[in-house]
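Novice:
In my numbering, the protein residues as written are 139 to 426.
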């Protein structure tokens, strides 16, 4: 069955994007290795497919929301075997630029265009369509994908040549890492000072000291509730490693990031890998 758009990867982010595409009136072919995710997509009104190759054969534009470079390599190989041509793949994940370039070059041999378009935002933001797409690559292909990007995001910024999307994502995620930890540090300080955490959250949110991370993850920190996650610590680890490698490769100092990186590593060591990154507050809670 043909579809307007396809999506491969129906996890926290991908499933939210699929629902927003459906809400916008698009027919959406979807695939995920997790059969329960495919079943949920079908129940939401989507078209279930048995492989990434089937998705590429069903739709002219395919969004990729993947957990790793290994997953991207496997999806590219499957789509290449499918015989699909003249389609556009929109790579929305946070992965190494070199791995995305390798995928782009492999697909170009099949007349398939790959765009580097990571998104800025959490799973909760994805559910509301409150994402920013950092688009890079062939400008004409980005234009072809606009109706679908508009359905999943509040803004799409075109950043030029392929790879610029991931460069900008590393800059953005460096700030996310620091701001998220700063929010936790501030709330722990308020807690130890005997202030009401909900009142603290309300006051800070209204003032100059707020941030998007404080506003988004502050409520989880106030409640001490870190599930269901909008970004798991164990997945965030990949993003942190990419930022560290990116900054080191450019010889760019990142002292604040390096400090926060250690706290996220400690969260995993405490068994919080499956919890939201807001659980960095639990790490600080236990520091004397």
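For each residue, glycine too, the CB sits at the ideal point set by N, CA and C. Remember, it's a predicted structure, so these values are computed and weren't measured experimentally.
Indicate whether residue 314 and residue 295 have their beta-carbon atoms separated by less than 8 Å.
Specialist: No; because the gap between Cβ atoms is not below 8 Å, this pair is not in contact.
Novice: Using 8 Å as the Cβ pair cut-off and three pairs as the minimum, do the stretch 179-192 and the stretch 258-268 touch?
Specialist: As far as the Cβ criterion goes, the stretch 179-192 does not touch the stretch 258-268, which means the pair count is below three.
Novice: Can you tell me where the alpha helix (DSSP H) holding residue 278 begins and where it ends?
Specialist: It spans 277-290 - the alpha helix (DSSP H) in which residue 278 sits, taken as one unbroken run.
Novice: Mind checking residue 368: buried by the 16 CB within 10 Å criterion, or exposed?
Specialist: Burial call: buried.
Novice: To the nearest whole angstrom, what separates the beta carbons of residue 418 and residue 318, a pair I think is in contact under 8 Å?
Specialist: Right, the Cβ-Cβ distance comes to about 6 Å (below 8 Å), so this counts as a contact.
Novice: Exposed or buried, what is residue 396 when buried is set at 16 or more other beta-carbons lying within 10 Å of its beta-carbon?
Specialist: When all chains shown are included, residue 396 counts as exposed.
Novice: Do residue 167 and residue 196 have their C-beta atoms within less than 8 Å of each other?
Specialist: The answer is yes: Cβ separation under 8 Å.
Novice: Looking only at DSSP bridge pairs, what is residue 254 linked to?
Specialist: 229 and 274.
Novice: Can you give the Cα-Cα distance for residue 306 and residue 274, rounded to whole angstroms?
Specialist: Near 10 Å, if we compare the C-alpha coordinates of residue 274 and residue 306.
Novice: Please give the ranges of any alpha helix (DSSP H) in the stretch 142-188, keeping only runs that are unbroken, at least 4 residues long and fully inside the region.
Specialist: Correct list: 150-161 and 173-181.
Novice: For residue 172 and residue 186, I'd like the C-alpha separation in whole angstroms.
Specialist: The straight-line gap from Cα to Cα measures roughly 12 Å.
Novice: Do residue 370 and residue 412 count as a contact pair if the criterion is CB distance below 8 Å?
Specialist: Against a cut-off of 8 Å, the Cβ pair of residue 370 and residue 412 comes out as a contact.
Novice: Indicate the three-state DSSP secondary structure (helix, strand or coil) for residue 364 in the structure shown.
Specialist: DSSP places residue 364 in coil when its eight states are reduced to three.
Novice: Please name the residue, chosen from 247, 209, 326 and 198, that lies closest to residue 140 on a Cα-to-Cα basis.
Specialist: Comparing Cα positions, the closest option is 198.
Novice: Going by the DSSP bridge assignment, what does residue 202 pair with across the sheet?
Specialist: The partner list for residue 202 (beta bridge, DSSP) reads 146 and 229.
Novice: Can you name, in chain order, every residue of its own chain whose Cβ lies under 6 Å from the Cβ of residue 416, other than the five neighbours on each side?
Specialist: These residues qualify, in order along the chain: 355, 358, 359 and 364.
Novice: Measure the C-alpha to C-alpha separation of residue 218 and residue 373 and round it to an integer number of angstroms.
Specialist: Rounded to whole angstroms, residue 218 to residue 373 spans 27 Å at the Cα level.
Novice: Assuming residue 233 contacts residue 258 under a Cβ cut-off of 8 Å, what Cβ separation, rounded to an integer in Å, is found between them?
Specialist: That belief does not hold up - the Cβ atoms of residue 233 and residue 258 are roughly 15 Å apart, past 8 Å.
Novice: Near residue 348, what residues of its chain come up, given a Cβ to Cβ distance below 7 Å and the 5 sequence neighbours on each side ignored?
Specialist: Excluding residues within five positions, the ones whose Cβ falls inside 7 Å are 342.
Novice: Answer yes or no: do residue 226 and residue 175 have a C-beta to C-beta separation smaller than 8 Å?
Specialist: No; because the gap between Cβ atoms is not below 8 Å, this pair is not in contact.
Novice: Answer yes or no: do residue 204 and residue 144 have a C-beta to C-beta separation smaller than 8 Å?
Specialist: Taking 8 Å as the Cβ cut-off, residue 204 and residue 144 do not qualify as a contacting pair.
Novice: Sort out for me which residues DSSP pairs residue 414 with in a bridge.
Specialist: Residue 414 pairs with 370.
Novice: Helix, strand or coil, according to DSSP, for residue 353 in the structure here?
Specialist: Looking at residue 353 - three-state DSSP - the assignment turns out to be helix.
Novice: Quick one: give me the first and last residue of the alpha helix (DSSP H) that residue 299 is part of.
Specialist: No alpha helix (DSSP H) contains residue 299, which DSSP labels as neither H nor E.
Novice: From this set, 337, 391 and 254, which residue's C-alpha is nearest residue 236's C-alpha?
Specialist: Here the closest residue by C-alpha is 254.
Novice: Leaving out the 5 sequence neighbours to the left and right, which residues in its chain are closer than 6 Å to residue 220 when beta-carbon positions are compared?
Specialist: Cβ neighbours of residue 220 beyond the five flanking positions: 191, 194 and 195.
Novice: For residue 398, which three-state DSSP category applies?
Specialist: Helix, per DSSP.
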